[in-house]
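Student:
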Amino acid sequence: MVNVTVTTPGGISNPLSYIYVAAPIVIGVSPQFGPDTGGNSVTITGSNLALASAVNFGPNPATGLTVISDNQLTATAPPGTGTVVVTVTTPGGTSTLGPGNPYYTYLGAPVINTLIPDNGSSLGGDSVTINGANLTYTDSVTFGGTPASFSVLSDTLAVATSPAHAAGTVNVQLHTPAGNSNTLPFTYDPA
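Residue 145 in full-length UniProt numbering sits at position 145 of the sequence shown, with consecutive numbering throughout.
1. If contact is defined by three or more beta carbon pairs under 8 Å, each pair taking one atom from either stretch, is the segment 168 to 177 in contact with the segment 101 to 111?
2. Does the distance from the C-beta atom of S95 to that of V88 stay below 8 Å?
3. Would you check if the segment 9 to 16 and the segment 51 to 61 touch, i.e. whether three or more CB-CB distances between them fall below 8 Å?
4. Ignore the nearest five residues each way along the sequence and tell me which others in N3's own chain have a CB closer than 8 Å to its CB.
5. Taking just the CA atoms, how far does T136 sit from D155?
6. Rounded to a whole number of angstroms, what is the C-alpha to C-alpha distance between T129 and S122?
7. Determine the direct distance from the alpha carbon of T114 to that of G144, and round the result to whole angstroms.
8. Out of A77, Y104 and T45, point me to the one whose CA is closest to G24's CA.
9. Short of 7 Å in beta carbon distance, which residues of its chain neighbour T5, apart from the five on each side in sequence? Order them along the chain.
10. May I have the straight-line CA-CA distance separating L97 from G64, to the nearest angstrom?
11. Go ahead and pull the three-state DSSP assignment for P31.
12. Put V21 into one of helix, strand or coil per three-state DSSP.
13. Rounded to whole angstroms, what is the Cα-Cα separation between T43 and G179?
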């Protein structure tokens, strides 16, 4: 803080306080992925964040800004596409690219188009090929709510191993940071 005065031929004004505010720095966002429809809460870490007045995901303003401390705040991601830089604006300016990882990636909702095969033994252990879209960031696959082991081969292809389940038809679904996929039926045959 400094005192500011004005000097004229008539004298010197009374001093007024002026506070220098450091520019904000964003070093990380969590989670780093979310749905392209927006709406999820994102925690932003860095420094000089206490006086934040705005958060942007690329060109799009976030909502729900909540300052937690000088080093952390939360905001609700707006809709968007691709990978964008998250910036914070304070009276000290707008954050610029610096150390850390101030990036956020928008993901399309996962889609399952086919299951090959769409049936298997109730003992489990069958390899099931999942064809679809937006599968790269798959973090779980379930058969009737039961978690299955899986491998993601590409954005359009994953392979899961069916878990054991009673005979009957169940729904297969996968999940990514963008949310749940649609479901397709898988029939368990009696062993």
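By construction, the Cβ of each residue, glycine as well, lies at the ideal position given by its N, Cα and C atoms.
Tutor: If we stick to the structure as given:
1. yes
2. Result yes, Cβ atoms of S95 and V88 sit closer than 8 Å.
3. no
4. In its chain, beyond the 5 residues on either side, P15, L16, S17 and Y18 have a beta carbon closer than 8 Å to the beta carbon of N3.
5. 4 Å
6. 17 Å
7. 16 Å
8. Note that residue 24 is Pro in the sequence shown here, rather than Gly. Nearest C-alpha to P24: T45.
9. I12, S13 and P15
10. Distance from the CA atom of L97 to the CA atom of G64, rounded to whole angstroms, is 23 Å.
11. coil
12. coil
13. Between T43 and G179, the alpha-carbon positions lie close to 18 Å from each other.
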